[in-house]
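Residue numbers (this note's numbering): 733 to 1173.
In this text, a Cβ means the ideal position worked out from N, Cα and C, and glycines have one as well.
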């Protein structure tokens, strides 16, 4: 296939700024994931569902800053709350009322949240959850799943995105480190399985009695293609974990306050022992949360070490209070609309493929979805995504940028409360034009 003609003049200012950044900022970006975009863009403005880059190009934004902007950009309620907070101290390093207020809001919304702890990033939250699980059970081994992402730290950056030649047999997957400089013995404390196979979970827990402290997973596999759990899978894993004395940990950094106010655990009716939240909870301010059973969480301060200067800072919690109030308004109308619009977008993407005879697939739950250029008609676990044509996806993402549609380089789309029916219609028209350019080349 020949390459379509690209508009090399469209992103000149972003390219110039990136070159400048590379002379001072490592790699030119503050997170290496951002360098994976077909064009790493620099932005100067954003409102609602729209972003404007340094070249004046306007986009319908489906990245939402990699997920946090659940209300869209500069939502009036958040602006009001942050403006009111600005004259006060940004941090106390001590207690304040907003901690209690936000903890109670989370407690009311999330089924597992008998107690809550605040941290600043999802990676921190996962580390705390696993430390609590190991302390509570007296065990060291953690079971995770291929394709699931739980942060960039050594202890969990394992088998996140292994290549086909690395994974090993599906019955006994290899534990694959992902980064140079990662300590090899991190793999000693982790077992890995393919996802959506409850028989494999029961078999491993039976084969290693008294060893598994926690079974951790994304309840929807958002970080590797937005793949839904098979019917009954979450219930079965929960039952196996309970039977063998392991704790069930849901990583709801993405699904939390996006799939619904009560997260994936509320949606599916499966309550974990512990759960981690981030991204959407503060609408764009740095905040993450660990929530769980009282007797597990109360180990903090009773021999389980945990701390952080920025934990529970008033600025982030001010934002979280505003976000949670807005998401709870009118019985959760904002998230219901975001998920409905996301499903309309998925249906429209499927219609585009059918009309043009293109082999692509949209997966997800509405407010989080993903595009796959694949011959498969269904995705069940991470290994299925290894057949995706990622080169084609990258080129399509570049063409979509030229058409004013901004989504994540792995094909993910996040839909916010600020998106509209008009946005969905405009997006489908733009994706259709990008697809026509791709297929005609």
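Check whether residue 1067 and residue 1156 have beta carbons under 8 Å apart
Result no, Cβ atoms of residue 1067 and residue 1156 do not sit closer than 8 Å.
Taking the alpha helix (DSSP H) that residue 1128 falls in, what are its first and last residues?
1122–1134
Counterpart residues of residue 1092 in DSSP-defined beta bridges:
Residue 1092 is bridged by DSSP to 1105.
Is residue 1174 helix, strand or coil by DSSP?
This structure does not reach residue 1174, given that the chain is present from 733 up to 1173, and the question cannot be answered.
Quick one: give me the first and last residue of the beta strand (DSSP E) that residue 1144 is part of.
Following the DSSP letters along the chain, one finds residue 1144 inside the beta strand (DSSP E) bounded by residues 1144–1146.
Simplified DSSP state of residue 875, which is helix, strand or coil
strand
Integer Cβ distance of residue 861 from residue 1006, believed to fall under 8 Å:
Indeed, because the Cβ distance is near 5 Å, the residues count as touching under 8 Å.
Length-filtered (3 minimum) beta strand (DSSP E) runs lying within the region 755–822:
775–779, 782–785, 790–793
Decide if residue 1001 is buried, meaning its Cβ has at least 16 other Cβ atoms within 10 Å, or exposed.
exposed
Start and end residues, beta strand (DSSP E) containing residue 944:
944–949
Can you list, in chain order, the residues of its chain with a C-beta nearer than 7 Å to that of residue 782? Leave out the 5 residues immediately preceding and following it.
790, 791, 792, 793
Assess, as a yes-or-no matter, whether the region 842–859 is touched by the region 876–883 under the definition of 3 or more beta carbon pairs within less than 8 Å.
The way I'd put it, the region 876–883 does touch the region 842–859; three or more beta-carbon pairs between them come closer than 8 Å.
Rounded Cβ spacing between residue 921 and residue 873 (contact assumed at less than 8 Å)
6 Å
Meets three-Cβ-pair contact criterion under 8 Å: the region 956–963 and the region 1104–1121:
yes
Take every Cβ of the region 1011–1019, pair it with every Cβ of the region 962–976, and state whether three or more of those distances are shorter than 8 Å.
no
Quick one: what's got a C-beta closer than 6 Å to residue 1132's C-beta in the same chain, skipping five residues either side?
Answer for residue 1132: 1166, listed in chain order.
On the CB-based measure, 16 or more other CB atoms within 10 Å of its CB, does residue 909 come out buried or exposed?
Classification of residue 909: buried, given that the 10 Å Cβ count is 16 or more.
Collapsed DSSP secondary structure at residue 1023 in the structure displayed
In the structure shown, residue 1023 sits in a strand (DSSP, three-state: E or B).
Can residue 878 and residue 843 be called in contact, C-beta distance under 8 Å?
no
Sequence-distant residues of the same chain with beta carbon closer than 7 Å to residue 866, five excluded per side
872, 945
Note down, in chain order, each residue of its chain lying with its Cβ closer than 7 Å to the Cβ of residue 934, except the 5 sequence neighbours on either side.
972
Between the Cα of residue 1170 and those of 1135, 1146, 1032, spot the shortest distance and give me the residue it belongs to.
Out of 1135, 1146, 1032, 1135 has the C-alpha closest to the C-alpha of residue 1170.
Within its chain, find whatever has a CB closer than 6 Å to the CB of residue 1113; leave out the 5 residues flanking it on each side and keep chain order.
Residues of the same chain with a CB within less than 6 Å of the CB of residue 1113, apart from the 5 flanking positions on each side, are 926, 927, 928 in chain order.
CA-to-CA distance, residue 868 to residue 1101, given in whole angstroms
35 Å
Do residue 1130 and residue 888 have their C-beta atoms closer together than 8 Å?
No. Outside cutoff.
Which whole-angstrom value is the C-beta distance of residue 1028 and residue 983, which I expect to be below 8 Å?
That belief does not hold up - the Cβ atoms of residue 1028 and residue 983 are roughly 16 Å apart, past 8 Å.
Using only the alpha-carbon positions, how far apart do residue 784 and residue 774 sit?
9 Å
Straight-line gap, residue 915 to residue 890 (C-alpha atoms, nearest Å)
11 Å
Does the beta-carbon of residue 859 have 16 or more other beta-carbons within 10 angstroms, so that it is buried, or is it exposed?
buried
The alpha helix (DSSP H) enclosing residue 1183, as first and last residue numbers:
Outside the modelled stretch of the chain, which goes from 733 to 1173, sits residue 1183, for which no answer is possible.
Expected contact under 8 Å - CB spacing of residue 1004 and residue 980 to nearest Å:
4 Å
Given residue 992 as reference, the closest of 1059, 1053, 815 once Cα atoms are compared:
For residue 992, the closest C-alpha among the options 1059, 1053, 815 is that of 1059.
What number of angstroms, rounded off, separates the C-alpha of residue 1031 from the C-alpha of residue 1094?
Roughly 42 Å between the two C-alpha positions.
Looking at the structure shown, is residue 1074 part of a helix, part of a strand, or coil, going by DSSP?
helix
Span separating the alpha-carbon of residue 1099 from that of residue 961
16 Å
Is residue 1023 near residue 845, with beta carbons less than 8 Å apart?
Yes, they are a contact pair.
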